Structure formats: C-alpha cells, structure tokens
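Protein chains in written order, with this note's numbering: chain A, 797 to 1204; chain B, 797 to 1204.
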C-alpha cells in the first residue's frame, strides 16, 4: 500500500519537519511502498497532482535540509471541503485519486481549518465503507488548537520573536530622549505569540513593558495612560501588541481607525494596528515613536528555529503514521504535557472533530488585572518550547534550504 | 594618560565590537590608565558624563558578550558640533572634560555625521595647540562611507537580510495563485543593503527577481511592467526595494504618494514605499500582494551576525588605538580590500575630512541597464562580508546580551 501527505494553511518553520517525520518512518516500514506528496494541500489530491517523495528526497542530507527549511515543501492551500451532499463530485475525485494510487492512509498537516478536512474525509470514508485512514498533524504559529498543549511551529515562532524583541529593546534604548516602540505580532484571535514576549524576563529584561492581547478589551485611552505610567520608570518603552487586539465593543481595533483613511488616489489605507498606534502616540505624547511589524518573519525564520519545536514536529509526524497503522482515523495528533521541569510531553490522539473550527485562546488566569501584561506562570509554560538550537547547514554565509521541486 | 570612546548615530550589530577592540588593546597598554566611555556620544563629553569602562566590563566574559550585543552599549546621539565661532562654549566644555579626566585620545565610532565631529574636534585641538588626538571608527549598515571598502556593521546587516529574504521567498511561494512580495530595505540615499539581496543567487535562488535602488530613477509604471514580465517566468515574484527609491524628478517616491493620505483623524499617513507599492500592485494587477518592512531588525539582528564583520569591527577598533598612539589625528580608520578570493583587507587611515558629510553610492557599473537588478560582479564584492557565524551565548533559549549599565 501507499500513503499520501499534504500541507495546508499558513507556513511555519516546522511543517516540513512533520513531513520529514512521516516520510522517514514510512520509508522504514515494509508495508508502505510509496509516500506521495500532494501539491498544494488537498487540492493536489482532487486534481491528482502527486509526487513520489522518493524522487524529491534523494538522500539523508536532503531529509535533514527539509527539516531545516521553513514554509511548505509541497505547497499549501486554503481550500475548505464542501458538505457531502453538495460536494459529491469533489469526494468522488478524492476517492478516485486514492484508489488509483493505492493510497490507504492520508496525513494532513495544518491548523483548525485543515482539521475540518480531516473530519469530513474520515466521516465520508467511514460512511461509504472505504478503508482509508485520515490523520491530522497540527501546525500553526498561533498555538490556538484545542487539546494539544502547544502546536508545532509555535516554539520556533516564539524563539524568533523573543530573540528579535530583545534586539529591538537594545536598538530602542540608545538615545537620551524618551521613546515608544510598538511591536505588532501575529495572532488575529489568540494572543499566544504576543504573550510569549514575556520570555525576555527569564533573562532579566524588564521589557516588553506592556503586552496587549486579543483576549483583553483594548482601549486607546488606557494605552496612552499605560505608556505615561511606564515612562515614570523607563525612558524607552517597548509594547508588544497583538495584531488582533479588540476595542471594548468587540470589533478589531484595526477596523475603526482605518475606515476613514485614504491615500492620494482615494484608496483605503490598510496599515495595521502598529502603524495606527504609532500615530496615536506621536499625536498624544509628542515623543519619538516607532512601530515594527514582525510580518512573515515570525513564521518562517528557520535560521533561529527552536530545536525542541523541530524535533517534536518530526516526532509527531512519525507518531501519526504509527496511529494510522494502529487503525486510527479522524484523529489529530496532540502533545500532552507531563511536566514543565524537566520538560516532558506525551504524544496522543484526539478526535479531530473536537479541534476543527475551534480555537484555544490565551488563558485569562495568566493575564494581569489591567489587561496590559501577562503573569510569570506564562513564562514557565513558554520556556521549554524555545529551547535548543539546530546546526543550520550554511553555504556562502547563508542557510541552505531544501530544494523545492520544480513542479510547484 | 587616559582615553575616551563614544558611539554615535544609528545602531548596528558591530559598534560594540569596535568598542570592545578599543578597550581590549588599551587595557593591555602600559601607557593608558583608564578607558572612559562617554554617555550618548559626544553629549557625554560635553556634559561630563563618563564611565570608567573597567567598572562595566568586569571579565573576559563581559567583553565577549559586548561583542555579540547589538546597538550601542554607551548610548548614542545625533548631535552636530557647532562651528568654532558660534560654539566656543561647547568646545570649552569638551576641552575641560578632557583635561579634567586627563584624556589624551578620543575615539568616535559613527557614520559620516560623526566624522564631521572628528574633523571639527581635531582641527580645534590643532588650532589651539592642544595635544588630544581624535580618531573616527566607521560604522553604518548603509555602507555609504567614502574610501573604506565597506563599513563595520554592514556585513551583519547584509547577512540578516540575505537569510531573511531567502526565508521570505520560501514563505511567499506556497500557494498556487500568483503573488507579489515587496521587501522594503533601509538605505535612504545609498542602495548597498538592498543590492546585497543579490547574494541569494550565490546559493541558486532566482529571487529576488527585481531589485530597485535609490541610484536608479524609479517609475511606478516600469515597476508594474517589470512584475508583469516576471510573472511570465515565476508565479511568486519577490522584489527588493530600497526605502529611498526616487522618482525620475529626483524626489523620494515616498513623498509624492503620501501627500494626500489622511487617516480618520485627518492626520497624514506615513507608511513607507513598501506599503505604497503594495497598494499599487493590488490595484493594478489584482493579485495577492504583501509588503514587508525589514525595519530595525536589519541593523540589530546580532543573533545572525557575520563573524567576518564582528571580527573586523573589533580589529578596526584596535587599529584606531594604534594609529592614535602613532600620533595620528583627524583620521578615520578604513578597510582597503586586497583581494576578493582569498578575501583580504588591510586596515589604513584616511583624512576624516574626505569622508565627513560625503556618501558613497552603489556603483552604476553594477546596476543593469533597466535599473531593476544588479550584476553578478556585486555578488563577488558582497560575499566575503557575510561569511562565518559566531558562537552566540544562549541562556533559556535566547541570546545573552551584555548588561547595559544602569546609568544609561
């Protein structure tokens, strides 16, 4: 029999490590002949665009490079499977692709949208008595999947953000005048990555002095007051702000203040919360201010990936193959934390249905009363996830990436 | 006798390495008793705010950390010294500070504005028969100082930019739809850092597909046409754009298109060229588009500093002390490249007056005819500057920085 694997949703540093884990354990299993990679997530299954992974991973060196390469080696998609009734043609194509290629197990690496695909496919197969097992492997820098202690990809994102915010703190502190630096961090609905900037305190930093998450209502008035308060102790204030902070009426802060903004051509400006707050501070406090958007770097900076994250992501891929071989289907792999110190996690399975289309938000109990900082308990949770560095393969002074196949 | 050192202008990853070089060689010299650090550049001399460096560098470990810490351990300033006539009070204060603390040599680490200070001070001292020698040590990620082959700090910035743009290329290529990614890179008047993205080609990347520098006139029409052309070969186009690209009338591209932009409060939007071009592409080409501002990360990402850069920056600091001991004054230290391969540079001196207030732009001969790319010769120039990685000291999964003294 053969198996297939696909990658879906937004990139991270660790998705390819899970792919490597699946490929690696499957190649050593006598029952599995071929591992097919699907181009652009489930779309490759629907369109029968598969690649025999042996043809793109030619050596152990390739496999090592794959683990260290950010983003998705097989491409990605944002495709949502239709319901059984309306989508019979799509399901027909999927079954046809699997049967034609003798694929008995399908592994989908993705976030909560991708788990929706895992649920639908596994239900469809079970309803129609088709023995194809479907397992989801979590990934997202948002860390917002239910049940799992954390998600592959998050640790590397948090490590990059911590190292970078620490450097920004150094950069922002050089002049004698007062200044405000606003760092905008990804997380539309969950503040995990923004909250992880508290990690700096484990190394004795006082910054970031303020941390704002989507989980607490955001008020621009309080923001300005918080900065004024912080100025009493620090001349260079650094604030970490989630891109998804919400006004007290529940709307994204980003919506309100952009509604009236137009450029020279009459087109709407779509700058983010950071840029907006930068202008607010400049106007209200008349001091030096800068906003910094972490942008895609926070999800693809594999040159400073967390060793723990990459190793766990590979292991969870391996465990997914074992789970499928044991007869499981419709499940998502997950980490269950046994202890913080020494850090230890078990890899288990959970019904993908319990995860799909839900999200795990940053716990209220770890947010301070004012809603402008997180509590020390959060540091203990985050710390193990960013530990260790990988031996990046360098050539000409730059990291070497896995060579992405031409067909992508 | 004692000596003093100060740091000025925008931060880089390598300024502290030059400080470490000065301190290190001075501590081993029997004639030099104390090395004083001046707080916030020349301002610390004027205000007599000095620190005995022995009190903040307590061990070799501290010295190692200092070399690996971005930004300026002594703070910085943007202060321009007045002329002799109008500024006699200021010069009086400076002389008083130097005499009171028995300082006979002053080292100023900075860019071309700082070299102006070196020129003025050395002339003032010489005119008034005061034996205080003044030496400038170059630093800037802009690489725009005359005479020197390159500037300390540039190699590390280029290494970060190369590694990061490569990761962005991976990140931008995952979907099946066409997309444009615009990376905005620092360099108001000189395109060196933006041009250095051509380094990716040394590792087999085709990206960035387009490179725009302030040295070539920029037209939005050509920009859109260039992208259309590139789409014929690549579905995910990546363009590196200097923040300082200029319209054909000579104005910054950033000026024109922001003139009419106002937010909901009637205040001007000040987003950069990247955000502007993002909207232009979205409007003209109706495809997925993202702009990424490298922001201060490109000047402070010491976690991926160039070993060559940091080592050279330390050496040029040491050489500055030797030059002053040899009686030189009013000079800037510089690198003179002997060969690309094997890479070798000599450290020499040049009259600071020849460097101050001038800038070295990216050579026209290395720009292609269309003005949208750089030629392979540039790769040979850049490559040696980004070679090697440092053993970053890590604690809790994050780099350890030199502890900045409390008085800053």
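Every residue, glycine too, gets a C-beta built ideally from N, C-alpha and C.
Treat the numbers as computed from the prediction; the structure is a model and nothing was measured.
Checklist entry - Which class does residue 1172 (chain B) belong to by DSSP, given the choice of helix, strand or coil? => result helix
Next on the checklist: Is there a C-beta anywhere in chain A that falls below 8 Å from the one on residue 1011 (chain B)?
Outcome noted: no
Checklist entry - Looking at the structure shown, is residue 817 (chain B) part of a helix, part of a strand, or coil, going by DSSP? => result helix
Item to check | Supposed contact pair residue 1148 (chain B) and residue 915 (chain B) - C-beta distance, whole angstroms, cut 8 Å | outcome: 5 Å
Next on the checklist: Can you pull the chain A neighbours of residue 967 (chain B), defined as C-beta to C-beta under 8 Å?
Outcome noted: 807, 866, 867, 1092, 1095, 1096
Next on the checklist: Across the stretch 816-836 of chain A and the stretch 799-806 of chain A, are there enough close Cβ pairs to call them in contact, namely three or more that are closer than 8 Å?
Outcome noted: yes
Next on the checklist: For residue 1189 (chain B), which residues in the same chain have their Cβ closer than 8 Å to its Cβ, ignoring the five residues on either side in sequence?
Outcome noted: 860, 861, 864, 1195, 1196
Checklist entry - For chain B, is any of its Cβ atoms less than 8 Å away from the one on residue 906 (chain A)? => result no
Next on the checklist: Strictly under 8 Å for the Cβ-Cβ distance: is residue 1190 (chain B) near chain A by that measure?
Outcome noted: yes
Checklist entry - Where does residue 991 (chain B) sit, in a helix, a strand or coil, going by DSSP? => result helix
Checklist entry - Which ranges would you report for the alpha helix (DSSP H) in the stretch 1140-1202 of chain B if only whole runs of at least 4 residues count? => result 1148-1151, 1172-1178
Item to check | Opening and closing residue of the alpha helix (DSSP H) in which residue 1022 (chain A) lies | outcome: 1016-1027
Next on the checklist: Does the stretch 925-941 of chain A come into contact with the stretch 1126-1136 of chain A, if we say contact requires no fewer than three beta-carbon pairs (one atom in each stretch) closer than 8 Å?
Outcome noted: yes
Checklist entry - Any beta-carbon of chain A closer than 8 Å to the one on residue 995 (chain B)? => result yes
Checklist entry - What do you reckon, are the CB atoms on residue 1004 (chain B) and residue 1035 (chain B) nearer than 8 Å? => result yes
Item to check | Proximal chain A residues relative to residue 1035 (chain B), where beta-carbon distance stays under 8 Å | outcome: The premise fails here: residue 1035 (chain B) is roughly 15 Å from chain A at the closest Cβ pair, so nothing lies under 8 Å.
Checklist entry - If you run the structure through DSSP and keep just helix, strand and coil, what is residue 899 (chain A)? => result strand
Next on the checklist: Would you say residue 983 (chain B) lies against chain A (beta-carbon separation less than 8 Å)?
Outcome noted: no
Next on the checklist: I'd like the list of long-range same chain contacts for residue 1198 (chain A), defined as Cβ closer than 8 Å, with 5 residues on each side in sequence excluded.
Outcome noted: 812, 858, 861, 862, 864, 865, 869
Item to check | Neighbourhood of residue 1151 (chain B) by C-beta, 7 Å cutoff - its chain only, sequence neighbours within 5 removed | outcome: 908, 911, 941, 942, 943, 1128
Next on the checklist: Going by C-alpha to C-alpha distance, which of A:818, A:927, A:877 sits closest to residue 849 (chain A)?
Outcome noted: A:818
Item to check | When B:1090, B:1089, B:1073 are compared against residue 1082 (chain B), the one with the closest alpha-carbon | outcome: B:1073
Next on the checklist: So if DSSP puts residue 853 (chain B) in a beta bridge, which residue, or which two residues, is it bridged to?
Outcome noted: DSSP output for residue 853 (chain B) lists no bridge partner at all.
Next on the checklist: So if DSSP puts residue 975 (chain A) in a beta bridge, which residue, or which two residues, is it bridged to?
Outcome noted: A:1032, A:1084
Checklist entry - Since residue 801 (chain A) sits in a beta bridge, which residues does DSSP pair it with? => result A:833, A:903
Item to check | is_contact[residue 964 (chain A), chain B] using C-beta, thresh 8 Å | outcome: yes
Checklist entry - When the distance is taken between beta carbons, is residue 903 (chain A) closer than 8 Å to residue 917 (chain A)? => result no
Next on the checklist: List, from N- to C-terminal side, the alpha helix (DSSP H) runs of 4 residues or more that fit wholly inside the stretch 859-929 of chain A.
Outcome noted: 884-896, 908-923
Next on the checklist: With a threshold of 8 Å between beta carbons, is residue 1195 (chain A) in contact with chain B?
Outcome noted: yes
Item to check | residue 989 (chain B) versus B:1080, B:1099, B:1118, B:960, residue with shortest Cα-Cα distance | outcome: B:960
Next on the checklist: If you follow the beta strand (DSSP E) that residue 1134 (chain A) is in, where does it begin and where does it stop?
Outcome noted: 1127-1136
Checklist entry - So which residues of chain A does residue 999 (chain B) contact, with C-beta pairs closer than 7 Å? => result 1191, 1192, 1194, 1196
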